[in-house]
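Residue 156 in numbering that gives the first Met the number 0 sits at position 157 of the sequence shown, with consecutive numbering throughout. No residue lacks a Cβ here, since even glycine has one placed at the ideal position from N, Cα and C. One structure is given below, encoded as structure tokens.
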Amino acid sequence: MHPESWQLTDDLDDFLARAGGFLRSRPAPHTVPLTVTDTLRRHGLHYYGSGAPLFGTLAAPDGTVLAALTRTPPHGLCLTAVTPEQAEALAERLAGLGHRFPEVSAERDSAAAFAAAWRRRTGREATVHRRRRLYRLGELTPPEPAPKAARGSRDRPTGRF
Numbered sequence: 000m001h002p003e004s005w006q007l008t009d010d011l012d013d014f015l016a017r018a019g020g021f022l023r024s025r026p027a028p029h030t031v032p033l034t035v036t037d038t039l040r041r042h043g044l045h046y047y048g049s050g051a052p053l054f055g056t057l058a059a060p061d062g063t064v065l066a067a068l069t070r071t072p073p074h075g076l077c078l079t080a081v082t083p084e085q086a087e088a089l090a091e092r093l094a095g096l097g098h099r100f101p102e103v104s105a106e107r108d109s110a111a112a113f114a115a116a117w118r119r120r121t122g123r124e125a126t127v128h129r130r131r132r133l134y135r136l137g138e139l140t141p142p143e144p145a146p147k148a149a150r151g152s153r154d155r156p157t158g159r160f
């Protein structure tokens, strides 16, 4: 895979035109980039900091988006799932452009593949800083019996007699 396969931009509208459908197609694993891009769209590109955001997509020859990335300085790179080959091409592209990142956030295998590729390109070691899980809500169960009315602060017991 050629590094130029990754299309990078600082234009949020351009990124969302290319990657929006891909991100919305799997909202659970893409919740962070969906939330970040929505926040930037509503509050401006410098909502998270003064640095210019970076967005990227990797597309198949037919235009189907295979992966996406967002970066809002001072935060690190947020990457959707990628193969080791895709991670290698991305690391080569970003390192070649002189980018540096304090961290990468991705599912475990993708983060490991990118960190290894980044180390090969830049000599910078990576360490696991934090592991996160995304929990899926199974079913909402209404309380039985349902409360008669909302409780306000005056309705709560104070411990005074």
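Secondary structure at Gly-55: strand, using DSSP grouped into helix, strand and coil. With a 10 Å radius around the Cβ and a threshold of 16 neighbouring Cβ atoms, Arg-70 comes out buried. Around the Cβ of Gly-122, a 10 Å sphere holds fewer than 16 other Cβ atoms; the residue is exposed.
For Ala-27, there is no enclosing beta strand (DSSP E), as DSSP marks it with neither H nor E. The residues Leu-76, Leu-78, Val-81, Ala-86, Leu-89, Ala-90, Val-103 and Ala-105, in chain order, have a CB closer than 8 Å to that of Phe-113 in the same chain once the five nearest residues on each side in sequence are set aside. Nearest to Val-35 by alpha-carbon distance, out of Arg-118, Thr-56, Leu-11 and Leu-57, is Leu-11.
Per DSSP, Ala-86 is one residue of the alpha helix (DSSP H) stretching across 83 to 95.
Contact annotation: Leu-39 and Pro-52 have beta-carbon atoms nearer than 8 Å. In the structure shown, Ala-115 adopts helical secondary structure according to DSSP, grouped into three states.
Around the beta carbon of Ser-109, a 10 Å sphere encloses 16 or more other beta carbons of the protein chains shown; the residue is thus reported as buried.
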